[in-house]
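In this note's numbering, the protein residues as written are 4 to 145.
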């Protein structure tokens, strides 16, 4: 397992947050967000973060790079429901030459709902491993 980052429960420790609203189609028969819906929330926040730092994912693709998800971990703490507004806090936690980890905190009205970690590998369009862009490695060191 490569997973090494630990998500904080303190929203102020995350430099970026992305707000989304729970759609009805993401809920299950019990009226709460289905566990599988959380991964797209993390992805949406990750894509927004890359846009925010000036390197949108489309730029990566134009440069012949992709970001493969190697591992993910979620801990569910409180259910989310239809129409909740969720803040997905995100922090670039660790970076090596070829992989990086992001930690996430999902909150609704300030209450912690979930935490997560994703591990990513940088690959060429062919699927071959590639080094991360230097700006991302530097950003993780900040």
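Backbone N, C-alpha and C fix where the C-beta goes; we use that ideal spot for every residue, glycine too.
Nothing here was measured: the structure is a model prediction, and the numbers come from that model.
Query, Result
"Are at least three pairs of beta-carbons, each pair with one atom in the stretch 73 to 82 and one in the stretch 113 to 123, less than 8 Å apart?", "yes"
"What residues in its chain sit with their C-beta under 6 Å from that of residue 60, if we drop five residues either side in the sequence?", "50 and 53"
"Provide the residue(s) that pair with residue 92 in DSSP beta bridges, ordered along the chain.", "20 and 108"
"What three-state label does DSSP hand residue 101 in the structure shown?", "coil"
"Following a CB-centred definition, is residue 70 positioned closer than 8 Å to any heavy atom of the ligand ADP?", "With respect to the ligand ADP, the structure offers nothing, as it holds no ligand at all."
"In whole angstroms, give me the CA-to-CA distance for residue 10 and residue 108.", "7 Å"
"Where does residue 131 fall in DSSP's three states?", "coil"
"Cβ of residue 103 within 9 Å of Cβ of residue 135?", "yes"
"Rounding to the nearest angstrom, what Cα-Cα distance links residue 97 and residue 143 in this structure?", "6 Å"
"Residue 14 lies in the beta strand (DSSP E); which residues open and close that run?", "Residue 14 -> no beta strand (DSSP E), and no H or E assigned at all."
"In angstroms, rounded to a whole number, what distance separates the CA positions of residue 8 and residue 28?", "31 Å"
"Where do the N-terminal and C-terminal ends of the beta strand (DSSP E) with residue 76 fall, by residue?", "68 to 79"
"Roughly how many angstroms lie between the CA atoms of residue 71 and residue 126, to the nearest whole one?", "7 Å"
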